[in-house]
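Asks: Using the working numbering, the first residue of the sequence shown is number 90, and each one after it goes up by one. Here a beta-carbon is modelled for each residue, glycine too, at the ideal position from N, C-alpha and C. Note that the structure is a prediction, hence the values are computed from the model and not measured.
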Amino acid sequence: MPELPEVETVVRELNQKTSLKEIKEIIPIYEKVFSEGSDYQLLKNLAIKSVTRRAKYIIFSFYDSDLFLISHLRMTGKYLFNMNIGINSLSEKDQSHIRCVFKLSDQTEMYYIDARKFGRFDICKDLTKRFIHVGVEPLSDNLNIKYLTPLLKRIKPIKVFLLDQQFIAGLGNIYADEVLFLSKIKPTRASSTLNKNEIKLMIDNIKIVLGKAVDNMGTTLSDYRNTDNNKGDNQNYLNVYGREKANCKVCSTPIEKIKLGGRGTHFCPQCQV
Ligand SMILES: [Zn+2]
Numbered sequence: 090m091p092e093l094p095e096v097e098t099v100v101r102e103l104n105q106k107t108s109l110k111e112i113k114e115i116i117p118i119y120e121k122v123f124s125e126g127s128d129y130q131l132l133k134n135l136a137i138k139s140v141t142r143r144a145k146y147i148i149f150s151f152y153d154s155d156l157f158l159i160s161h162l163r164m165t166g167k168y169l170f171n172m173n174i175g176i177n178s179l180s181e182k183d184q185s186h187i188r189c190v191f192k193l194s195d196q197t198e199m200y201y202i203d204a205r206k207f208g209r210f211d212i213c214k215d216l217t218k219r220f221i222h223v224g225v226e227p228l229s230d231n232l233n234i235k236y237l238t239p240l241l242k243r244i245k246p247i248k249v250f251l252l253d254q255q256f257i258a259g260l261g262n263i264y265a266d267e268v269l270f271l272s273k274i275k276p277t278r279a280s281s282t283l284n285k286n287e288i289k290l291m292i293d294n295i296k297i298v299l300g301k302a303v304d305n306m307g308t309t310l311s312d313y314r315n316t317d318n319n320k321g322d323n324q325n326y327l328n329v330y331g332r333e334k335a336n337c338k339v340c341s342t343p344i345e346k347i348k349l350g351g352r353g354t355h356f357c358p359q360c361q362v
């Protein structure tokens, strides 16, 4: 499932490939790709101003309009482009999974492709209201010790806390495991037991881990692809995620995997306390 760095990579590419272009036509091939009540015809002839990200949502904004087009990739969503070559430049499999076509000015065609069909579009006017239940952006200054310390007083495993989107937005399963390894904190620790130094170290590592993953164009374990249909590179740099029974890169103890809050959780029993 794409997490923050993968969505950020897609957003940067979409921004380059679509900004200033007008939407000439939208063809939803899968009828449920727009959530109920989203009148996509309202976007016709609008020029794309920018593409940005909030949590794991992709947000298209437009010139001369107060509307926003919101996209969530869920499990297997991705964007590909024809770039004047035509739909035949896509593989047969990708062609059969096109859920929506956006015809843009400049003869660009943007395809939203989604094998599992969980991804959705919706249209909204008020971003503040739309994201009222979403926590702070981890790469922004809003994630700091003053914000996090009182929230950590709730007693839940720190890994479960890190995945709770109402506290920190977009930090997913892979990156939470990596952050806790670098911070030498066991995922099962009660969040309320973290001392000030550990909280500070964890915040620093959240920014480092996500920042590096963005630099590496995201992590591809199965489906994630960027808008050129390439895999990310960050899977080659993971310390614990997906490394069950492999030796810890620091102390050589085998990495353990447990279930925590329903999610596969990887950690070094020696390095993390
Ligand atoms: Zn270790």
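#1: Please report the distance separating the alpha-carbon of Y313 from that of Y168.
#2: Does ligand 1 have a heavy atom nearer than 7 Å to the CB of T277?
#3: Taking 7 Å as the line, does the beta carbon of V268 fall inside it for any heavy atom of ligand 1?
#4: Going along the chain, which residues of its own chain have a beta-carbon closer than 6 Å to the beta-carbon of Y129, five neighbours each way excluded?
#5: Taking all protein chains shown into account, decide if Q196 is buried (16 or more other Cβ within 10 angstroms of its Cβ) or exposed.
#6: Under a three-way DSSP split, which group does V329 fall into?
#7: Roughly how many whole angstroms lie between the Cα atoms of G353 and I347?
#8: Between which two residues does the alpha helix (DSSP H) containing T217 stretch?
#9: Quick one: Cα of F207 to Cα of M164, how far?
#10: Rounded to the nearest angstrom, what separates F149 and V249 at their Cα positions?
#11: What residue does the beta strand (DSSP E) around V225 start on, and which one ends it?
#12: Going by DSSP, which residues form a beta bridge with P276?
#13: With ligand 1 as the reference, list in chain order each residue whose Cβ lies under 6 Å from any of its heavy atoms.
#14: Under the DSSP definition of a beta bridge, which residues are partnered with F151?
#15: Please state whether DSSP places F256 in a helix, a strand or coil.
#16: Rounding to the nearest angstrom, what Cα-Cα distance links C360 and C213 in this structure?
#17: Is it true that the CB of I147 sits closer than 8 Å to the CB of E103?
#18: Could you check if L299 is buried or exposed, using at least 16 other CB atoms within 10 Å of its CB as the buried criterion?
#19: Could you check if P358 is buried or exposed, using at least 16 other CB atoms within 10 Å of its CB as the buried criterion?
#20: Any idea which residues DSSP pairs D211 with across the strands?
#21: Does the Cβ-Cβ distance between S281 and K242 come in under 8 Å?
#22: Beta-carbon separation of E97 and N134 under 8 Å?
#23: By DSSP, does E114 sit in helix, in strand, or in coil?
Replies: Judging by the given coordinates:
#1: Within the sequence shown, the letter at position 224 stands for residue 313. Within the sequence shown, the letter at position 79 stands for residue 168. Whole-angstrom Cα-Cα distance: 10 Å.
#2: As a position in the sequence shown, residue 277 is number 188, starting the count at 1. For ligand 1, not one heavy atom lies less than 7 Å from the Cβ of T277.
#3: Sequence index remark: in the sequence shown, residue 268 carries index 179 (1-based). No - ligand 1 has no heavy atom lying nearer than 7 Å to the Cβ of V268.
#4: Counting from 1 along the sequence shown, the entry for residue 129 is found at position 40. For Y129, where only same-chain residues beyond five positions count, the Cβ hits under 6 Å are I115, F123.
#5: Residue mapping note: residue 196 aligns to position 107 of the sequence shown, counting from 1. Answer is exposed; the Cβ neighbour count stays below 16.
#6: Mapped onto the sequence shown, residue 329 falls at position 240. Reduced to three states, the DSSP call for V329 is coil.
#7: If you number the sequence shown from 1, residue 353 lands on position 264. If you number the sequence shown from 1, residue 347 lands on position 258. Just so you know, the alpha carbons of G353 and I347 end up roughly 6 Å apart.
#8: Taking the first residue of the sequence shown as position 1, residue 217 is located at position 128. Residues 216 to 219.
#9: In the sequence shown, counting from the first residue as 1, residue 207 sits at position 118. In the sequence shown, counting from the first residue as 1, residue 164 sits at position 75. Taking the straight line joining both Cα atoms gives about 7 Å.
#10: The residue you call residue 149 lines up with position 60 of the sequence shown. The residue you call residue 249 lines up with position 160 of the sequence shown. Answer to the nearest angstrom: the Cα atoms are 31 Å apart.
#11: The residue given as residue 225 occupies position 136 in the sequence shown. Counting along the chain, V225 falls outside any beta strand (DSSP E), and DSSP gives it neither H nor E.
#12: Taking the first residue of the sequence shown as 1, we reach residue 276 at position 187. In the DSSP output, where bridge partners are listed per residue, P276 has none listed.
#13: C337, V339, C340, T342, C357, Q359, C360
#14: Numbered from its first residue, the sequence shown carries residue 151 at position 62. Note: F151 sits in a beta bridge opposite I137.
#15: Translated into positions along the sequence shown, residue 256 becomes position 167. Reduced to three states, the DSSP call for F256 is coil.
#16: Here residue 360 corresponds to residue number 271 of the sequence shown, with the count starting at 1. Here residue 213 corresponds to residue number 124 of the sequence shown, with the count starting at 1. Roughly 46 Å between the two C-alpha positions.
#17: In the sequence shown, counting from the first residue as 1, residue 103 sits at position 14. In the sequence shown, counting from the first residue as 1, residue 147 sits at position 58. At residue 103 the sequence reads Leu, which differs from the Glu that was named. Taking 8 Å as the Cβ cut-off, L103 and I147 qualify as a contacting pair.
#18: The sequence position of residue 299 within the sequence shown is 210, counting from 1. Per the 10 Å Cβ criterion, buried.
#19: Indexing the sequence shown from 1 puts residue 358 at position 269. Flag for P358 reads exposed.
#20: Indexing the sequence shown from 1 puts residue 211 at position 122. Answer is I159, bridged to D211.
#21: Stepping through the sequence shown from its first residue, residue 281 is reached at position 192. Stepping through the sequence shown from its first residue, residue 242 is reached at position 153. Going by beta carbons, S281 and K242 fall inside the 8 Å limit.
#22: Position 8 of the sequence shown, counted from the first residue, corresponds to residue 97. Position 45 of the sequence shown, counted from the first residue, corresponds to residue 134. Contact: no.
#23: Locating residue 114 in the sequence shown gives position 25, counting from the first residue. In the structure shown, E114 sits in a strand (DSSP, three-state: E or B).
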